[in-house]
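Note sheet for the following structure.
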Amino acid sequence: MAADANSIRITGKVQGRDIVLTGPMSKDEIRDRVWWWQLPATEDPNQPDEVPHVYDDSARDVIAALGGYYEVPRDPHASEASDLIDMLYTELHPGE
Numbered sequence: 112m113a114a115d116a117n118s119i120r121i122t123g124k125v126q127g128r129d130i131v132l133t134g135p136m137s138k139d140e141i142r143d144r145v146w147w148w149q150l151p152a153t154e155d156p157n158q159p160d161e162v163p164h165v166y167d168d169s170a171r172d173v174i175a176a177l178g179g180y181y182e183v184p185r186d187p188h189a190s191e192a193s194d195l196i197d198m199l200y201t202e203l204h205p206g207e
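If you use this note's numbering, the sequence shown corresponds to residues 112 to 207, in order.
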């Protein structure tokens with residue numbers, strides 16, 4: 112049974128927030144959703160302007176995908192982050 116891109120869900124816990132990725136999404140949309148705390152508060156409807164998020168490294172940030180669990184690196188532009196984005200994009204776009 113083939114997966115429909117609109118039915119795929121990838122979940123994670125990143126900086127204390129539950130996130131859900133549902134396909135299809137662009138790589139930029141994936142990056143913005145996973146590294147949400149790096150968006151300016153005005154672009155994040157879940158983050159009040161007067162309370163900026165302070166990065167907390169006391170717990171691991173993890174994404175659960177078809178291939179297993181993946182740790183989210185702190186820097187969204189690191190090579191590990193690019194690899195993670197590519198893998199998530201591939202899972203959200205089956206058959207491409």
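For glycine and all other residues, C-beta sits at the position ideal for the given N, C-alpha and C. Note that this is a predicted model, so its numbers are computed, not measured.
Look at isoleucine 119 here: in three-state DSSP terms it is coil, with no helix or strand label.
Using a Cβ distance threshold of 8 Å, isoleucine 119 and leucine 199 do not count as a contacting pair.
With at least 16 other beta carbons inside 10 angstroms of its own, arginine 142 counts as buried. If you compare the alpha carbons of Trp148, Asp167, Gly178 and Ser193 with that of glutamate 202, the shortest gap goes to Gly178.
Under the criterion of beta carbons closer than 8 Å, leucine 195 and tyrosine 181 qualify as touching, at roughly 6 Å.
DSSP places tyrosine 180 within a strand segment (E or B) once states are collapsed to three.
Comparing alpha carbon positions, the residue from Gly134, Arg171, Thr133 and Tyr166 closest to glutamine 149 is Tyr166. With contacts defined as CB atoms closer than 8 Å, isoleucine 174 and glycine 123 qualify as a contacting pair.
In terms of Cα proximity to serine 193, the closest of Trp146, Ser169, His204 and Ala170 is Trp146.
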